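Colleague: Got a structure here, written out as structure tokens. Questions coming.
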Amino acid sequence: MKVLITGVAGFIGMHVASALLARGDEVVGVDALDDPFDVALTYARLARIQSHPRFRFSRLDIADRPAVDNCFQSGGFDVVVHLATQQGGAARDGRVPVRVHLSGFVNVLEGCRQHGVPHLVYASSSDVNCERRSRASSGTCQDDDRADKRPGETLARAYSRLHGVATTGLRFFTVYGPWGRPDIGYHELTRGLMTGDPLPVYPREGEIGHGLTYVDDIVAGIERALRRPEPRDAGLLPGEAPARVLNIGSHDPVRLLDFIAALELALGRPGDLKVMPVAGAETGSEGSEAGSDLSTIDPSVQGGNFLGERRMTMPLAEGVQRFVHWYLAYHGMDPARSTSALRRAAVFEDPMAVQWLPPRQPLAQPVRSVEASGLRVL
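First residue of the sequence shown? That's 1 in full-length UniProt numbering, and the numbers climb one at a time after it.
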């Protein structure tokens with residue numbers, strides 16, 4: 001099978017490409033290589049797959065319509081996996097996510113339509129489920145970069161109905177694992193544990209269950225989604241193509257305190273939790289629980305649970321251990337040594353410029369849960 005992957009140098013894109021190459025597929029990957037958070041990490045991901053004989057890469061901005069057209073003309077793709085996105089764009093310029101997520105998505109849809117690609121699998125976001133949630137119990141979504149995902153799903157359905165392009169939208173929940181984005185919370189928690197800096201936790205946030213899914217489980221779900229849905233499965237009229245939107249994530253929410261405890265065990269050092277004051281927390285006013293917008297979505301509430309036929313296979317402790325192993329190796333760190341230099345590196349925003357000082361005293365006993373250590377957040 002010949003597969004086009006957009007955003008191939010991204011966190012999920014690189015893992016998907018690696019899995020498809022390992023099973024014998026031919027992969028064409030495109031990426032703009034303009035990650036606003038860590039371009040070096042983007043290039044490092046690409047380097048892991050770029051030398052594979054069945055992989056071909058082109059630097060391409062999906063909002064550039066002629067470039068996208070040229071890519072499809074030389075393709076002959078059996079399926080397209082559209083993962084390209086622009087993180088953090090709305091905070092700088094509200095036109096950025098519209099350009100990438102909507103204009104770029106239309107270019108990909110048009111490429112599929114004009115060149116007869118039978119199936120498009122694309123990334124949506126669990127945040128489009130926000131409108132289904134009870135505001136009184138769950139708060140509101142605050143990720144502006146996901147505000148344009150719902151129109152993307154509408155566009156995909158229109159192309160399926162009008163132009164016969166079968167589409168599968170996948171709503172990802174929080175994905176963690178090696179090679180992940182450095183701006184995501186679990187990276188920040190890991191860095192805080194390594195530096196010994198306090199870890200800010202808001203009242204009651206530690207008890208909230210977060211929808212965390214290990215990246216390998218996400219990749220396995222994407223591989224299953226590559227099978228083109230049959231029209232008879234969707235009850236369509238003759239000539240119409242199926243359009244489905246599926247949640248892809250774990251049924252088992254993970255509390256923040258449990259995730260911190262897993263990081264403590266993997267790193268072999270305790271965390272210093274700092275309970276942060278939040279305006280309105282005493283009255284329970286809307287929005288008083290910082291971070292609650294990340295946490296309370298069940299993958300089965302909207303669009304069906306695509307992975308419901310089997311549970312997610314990666315236990316939290318093992319997934320965190322794998323992430324920590326990669327994190328330390330990538331940044332050249334040793335968890336047994338002092339963290340003073342890491343604080344200095346943070347000042348210069350250069351995680352590779354770490355010069356270690358003498359080691360800390362080792363822990364006298366295995367790190368217990370933050371709750372067992374008297375750090376329970378009330």
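For each residue, glycine too, the CB sits at the ideal point set by N, CA and C.
All of these numbers come straight from a predicted model, not from anything done at the bench.
If you count every other CB in all the chains shown that lies within 10 Å of the CB of GLN86, and 16 or more means buried, which is it?
Modeller: Buried, because 16 or more other Cβ atoms sit within 10 Å of the Cβ of GLN86.
Colleague: Measure the Cβ-Cβ separation of GLY169 and GLU188 and say whether it is below 9 Å.
Modeller: No. Outside cutoff.
Colleague: According to DSSP, is SER124 part of a helix, a strand, or is it coil?
Modeller: Note: SER124 maps to strand in three-state DSSP.
Colleague: I'd like to know whether the C-beta atoms of MET14 and ARG45 end up nearer to each other than 9 Å.
Modeller: Taking 9 Å as the Cβ cut-off, MET14 and ARG45 qualify as a contacting pair.
Colleague: Compare the beta carbon distance of THR190 and GLY249 with 9 Å and say whether it is the shorter of the two.
Modeller: No. Outside cutoff.
Colleague: Using CA atoms only, rank isn't needed, just tell me which of ASP25, SER58, ALA9 is closest to ALA40.
Modeller: Residue ALA9 is the option with its Cα nearest to ALA40.
Colleague: For ALA341, name the three-state secondary structure that DSSP assigns.
Modeller: Residue placement at ALA341 cannot be trusted, given a pLDDT of 38 that sits under 50; what the coordinates show is reported in the next sentence. ALA341: helix per DSSP, three-state reduction.
Colleague: Would you kindly report the start and end of the unbroken alpha helix (DSSP H) that includes GLU33?
Modeller: Correcting the residue identity first, residue 33 is Leu in this sequence and not Glu. Note, LEU33: premise wrong, no alpha helix (DSSP H); not H, not E.
Colleague: Measuring from the CB of THR154, is there a heavy atom of the ligand SAH at a distance below 8 Å?
Modeller: Although the ligand SAH was asked about, the structure shown includes no ligands whatsoever.
Colleague: Could you compute how far the alpha carbon of LEU102 sits from the alpha carbon of GLU110?
Modeller: Straight-line Cα distance between these residues: approximately 12 Å.
Colleague: Can you list, in chain order, the residues of its chain whose CB lies under 6 Å from that of ASP183, leaving out five sequence neighbours each side?
Modeller: These residues qualify, in order along the chain: PHE37.
Colleague: Among ASP69, ASP25, ASP61, VAL16, which one has its Cα closest to the Cα of ARG48?
Modeller: That would be VAL16, whose Cα lies nearest to the Cα of ARG48.
Colleague: In three-state DSSP terms, what is LEU20?
Modeller: Helix, per DSSP.
Colleague: So is ALA317 buried or exposed if we call it buried at 16+ other beta carbons inside 10 Å?
Modeller: Classification for ALA317: exposed.
Colleague: GLU264 to ASP258, Cα distance in whole Å?
Modeller: So the alpha carbons of these two residues sit roughly 10 Å apart.
Colleague: Among all the DSSP beta bridges, which residues are the ones paired with HIS119?
Modeller: ALA166.
Colleague: Could you confirm whether any beta carbon from chain D is found closer than 9 Å to the beta carbon of SER51?
Modeller: Looking at the structure shown, chain D is missing, and only one protein chain is on hand.
Colleague: Is it buried or exposed, THR213, if we count other Cβ atoms within 10 angstroms and call 16 or more buried?
Modeller: With 16 or more other Cβ atoms within 10 Å, it is buried.
Colleague: On the DSSP letters alone, give me the boundaries of the alpha helix (DSSP H) that PHE55 sits inside.
Modeller: Unbroken run through PHE55 is the beta strand (DSSP E), 55 to 59; no alpha helix (DSSP H).
Colleague: Output the distance between the C-alpha atoms of residue 385 and ALA32, rounded to the nearest integer angstrom.
Modeller: This structure gives no information on residue 385, because the portion of the chain shown stretches from 1 to 378.
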